[in-house]
């Protein structure tokens with residue numbers, strides 16, 4: 740089928756075509772932090788991100804101050820916006836570091852230099868991935884996760900607990916942020932009823 744062929748209706752459903760906002764939703768609200776060439780911290784929100792394999796993440800990025808910074812340092816951190824940081828995280832997505840170079844401080848946030856990669860850790864986000872750039876071309880950033888660090892406040896029995904982290908996701912259809920819900924089943928367990 741080429742782009743000129745009209746879509747056929749799917750029985751019992753509403754067609755939206757390929758360019759609708761719900762291609763894959765929800766999307767995690769990831770916060771990408773970098774240093775600029777003067778070693779000033781910058782952070783931006785990205786919603787098109789995911790895990791590529793066990794130690795790699797992939798993020799779709801258009802041209803930003805962040806992409807310029809990646810070329811300088813070859814490193815970045817990724818944190819996850821949560822219910823307590825909705826306003827600040829949204830602000831980081833609204834305002835360019837090219838226009839507001841001190842936006843981290845303006846949001847009232849603080850930084851610690853990562854001891855593992857050449858990038859800042861935003862202290863107010865309790866979970867951070869420290870990453871090195873593996874590849875950045877055609878708008879796709881692939882990063883190798885060198886370390887994950889978590890504040891003890893989001894741990895249960897030594898593991899990261901999403902119920903305590905309370906990450907938010909971007910709902911493209913509603914143009915809003917949503918909180919993750921309750922546990923509804925166990926992975927590699929809920930489907931065992933069909934194996935017996």
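Numbering (the numbering used here), first residue to last: 740 to 935. Cβ atoms here follow ideal geometry from the backbone N, Cα and C, with glycine treated the same way.
Per DSSP, residue 831 is one residue of the alpha helix (DSSP H) stretching across 825–833. Distance between residue 782 and residue 934, taken at the CA atoms: about 46 Å.
In its chain, beyond the 5 residues on either side, 797 and 881 have a beta carbon closer than 8 Å to the beta carbon of residue 791. Around the Cβ of residue 879, a 10 Å sphere holds fewer than 16 other Cβ atoms; the residue is exposed. With contacts defined by Cβ atoms closer than 8 Å, residue 770 and residue 861 form a contacting pair. Under the rule that a run must span 3 or more residues, the beta strand (DSSP E) segments found entirely inside the segment 748–790 read 769–774 and 780–785. Taken through DSSP and simplified to helix, strand or coil, residue 744 comes out as coil. In this structure, DSSP gives residue 901 a helical state, which the three-state scheme calls helix.
Between the segment 871–878 and the segment 800–819, the count of C-beta pairs closer than 8 Å reaches three or more; the two stretches touch. Secondary-structure assignment with DSSP links residue 916 through a beta bridge to 909. Straight-line measurement puts the Cα of residue 767 at about 19 Å from the Cα of residue 890. Counting along the chain, residue 839 sits inside no beta strand (DSSP E), nor does DSSP assign it H or E at all.
Per the coordinates, the alpha-carbon of residue 799 lies some 20 Å from the alpha-carbon of residue 885. Between residue 875 and residue 765, the gap from beta carbon to beta carbon reaches 8 Å or more. In this structure, the straight-line span from the alpha carbon of residue 920 to that of residue 744 is close to 40 Å. Taking C-beta atoms as the reference points, residue 849 and residue 805 fail to come closer than 8 Å. Distances from the CA of residue 858 to each of 748, 753 and 778 were compared; the closest alpha carbon is that of 778. For residue 852 and residue 922, the gap between their C-alpha atoms comes out near 35 Å.
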